[in-house]
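Working notes, structure below.
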């Protein structure tokens, strides 16, 4: 029971050491916004110019996510079934536009990933 308080860091199996760090805008300059991308892991940086920041790991890229995703990423990372699903290739990332203060912004949603239905 008390072990739950000291779970440690989630264990993702994908090696992202050679991934490029990019923002959403930079990533979408060369990639299709309409595709679903397989998620291999996620984490939250503790330091940085803009404070803690969620990052999604996909093939070849670590994508900086908007700050409003920090809480969602933290919840996913602390849910063992979701970490297992990510390691099993069952989590996808889609891009979505939204309006705020009269401007269009892009964020992401995490979805169930079925490799035969999407680009890898």
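Residue numbers (my numbering): 1 to 120. Where is the CB? At the ideal position from N, CA and C, for every residue including glycine.
Leaving out five residues before and five after residue 46 in sequence, what residues of the same chain have Cβ atoms less than 8 Å from its Cβ?
Contacts found: 52.
With the cut-off set at 7 Å, would you say residue 113 and residue 38 are in Cβ contact?
Against a cut-off of 7 Å, the Cβ pair of residue 38 and residue 113 comes out as a contact.
DSSP state of residue 27, grouped into three classes?
Note: residue 27 maps to helix in three-state DSSP.
Which class does residue 67 belong to by DSSP, given the choice of helix, strand or coil?
Looking at residue 67 - three-state DSSP - the assignment turns out to be helix.
Closer than 7 Å by C-beta to residue 104: which residues in its own chain qualify, once you throw out the five before and the five after it? Chain order, please.
Around residue 104: 97.
Of the choices 18, 84, 49 and 65, whose alpha-carbon is the least far from that of residue 93?
For residue 93, the nearest C-alpha among the options comes from 65.
Answer with buried or exposed for residue 102, where buried requires no fewer than 16 other C-beta atoms within 10 angstroms of its C-beta.
Flag for residue 102 reads exposed.
Which residue or residues does DSSP assign as beta-bridge partners of residue 42?
Answer by DSSP bridge pairing, in chain order: 56.
Check residue 94 in the structure and name its three-state DSSP category.
Strand, per DSSP.
Find the nearest neighbour of residue 55 within the set 88, 87 and 21, judged by alpha-carbon distance.
Minimum Cα distance to residue 55 is reached at 21.
Based on DSSP bridge pairs, tell me the residues matched to residue 112.
Note: residue 112 sits in a beta bridge opposite 91.
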